[in-house]
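In the numbering used here, the protein residues as written are 2 to 131.
Where a beta carbon is used, it is the ideal one built from N, C-alpha and C, also for glycine.
If you want it as structure tokens, here you go:
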């Protein structure tokens, strides 16, 4: 084996785990962000997301090739505290929706990561997919 081939193989072996990790995780994806009640930026973002929710749900029912990880952000209340979580995957039910909580709660204590939760359209604050 030539020196150039050995160097290339060593470089691939060193960089492959870092590249795989970078593709598998996005530090900005699916994180929970705390906003003050009545935050104008959050209100505008929620309004925009809800205005296109019907189109998103149609897309989620028949995902185009190359799309995946359809998710809804849902508010959960625990007394006077409200926290928003990504729910992945989700499905429609007669009463609304059901899905798996995909974030670790920081403020509310009535749900846990991985819990199956039921919610209605009124609980949805955002949506997304990859």
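**Prompt:** Does the Cβ of residue 93 lie closer than 7 Å to at least one heavy atom of the ligand SAM?
**Reply:** In the structure on display, the ligand SAM does not appear, and there are no ligands present to speak of.
**Asked** Could you give the distance in angstroms between the alpha-carbon of residue 121 and the alpha-carbon of residue 102?
**Response** Counted from its first residue, the chain shown places residue 121 at position 120. Counted from its first residue, the chain shown places residue 102 at position 101. Their backbone Cα atoms lie some 14 Å apart in a straight line.
**Prompt:** Which of the three DSSP states, helix, strand or coil, is assigned to residue 129?
**Reply:** In the chain shown, counting from the first residue as 1, residue 129 sits at position 128. Strand, per DSSP.
**Residue from 47, 89 and 110 with nearest C-alpha to residue 80** = The sequence position of residue 80 within the chain shown is 79, counting from 1. The candidate whose alpha carbon is nearest that of residue 80 is 110.
**Request:** Could you check if residue 77 is buried or exposed, using at least 16 other CB atoms within 10 Å of its CB as the buried criterion?
**Result:** The residue you call residue 77 lines up with position 76 of the chain shown. Buried, because 16 or more other Cβ atoms sit within 10 Å of the Cβ of residue 77.
**Prompt:** Can you list, in chain order, the stretches of the alpha helix (DSSP H) that have 4 or more residues and sit fully within the segment 54-129?
**Reply:** 54-62
**Request:** Give a yes or no on whether the C-beta atoms belonging to residue 59 and residue 72 are separated by under 8 Å.
**Result:** On the chain shown, residue 59 is found 58 positions in, with the first residue counted as 1. On the chain shown, residue 72 is found 71 positions in, with the first residue counted as 1. Against a cut-off of 8 Å, the Cβ pair of residue 72 and residue 59 comes out as no contact.
**Message:** Among 54, 115, 130 and 52, whose alpha-carbon lies nearest the alpha-carbon of residue 105?
**Reply:** Here the question's residue 105 lines up with position 104 in the chain shown. Nearest of 54, 115, 130 and 52 to residue 105, Cα basis: 115.
**Request:** Please check the pair residue 74 and residue 86, which I expect to be a contact at CB under 8 Å, by giving their CB distance rounded to whole angstroms.
**Result:** Here residue 74 refers to the residue found at position 73 of the chain shown. Here residue 86 refers to the residue found at position 85 of the chain shown. 7 Å between Cβ atoms; contact.
**Prompt:** Which one of 100, 70 and 130 has the shortest CA to CA distance from residue 124?
**Reply:** By one-based count along the chain shown, residue 124 stands at place 123. The option with the nearest alpha carbon to residue 124 is 100.
**Asked** Under a Cβ-count criterion, where at least 16 other Cβ atoms within 10 Å of its own Cβ denotes burial, should residue 131 be classed as buried or exposed?
**Response** Counted from its first residue, the chain shown places residue 131 at position 130. Classification of residue 131: exposed, given that the 10 Å Cβ count is below 16.
**Request:** Using the Cα positions of residue 50 and residue 41, report the straight-line distance between them to the nearest angstrom.
**Result:** Taking the first residue of the chain shown as position 1, residue 50 is located at position 49. Taking the first residue of the chain shown as position 1, residue 41 is located at position 40. Spanning the two alpha carbons is a distance of roughly 14 Å.
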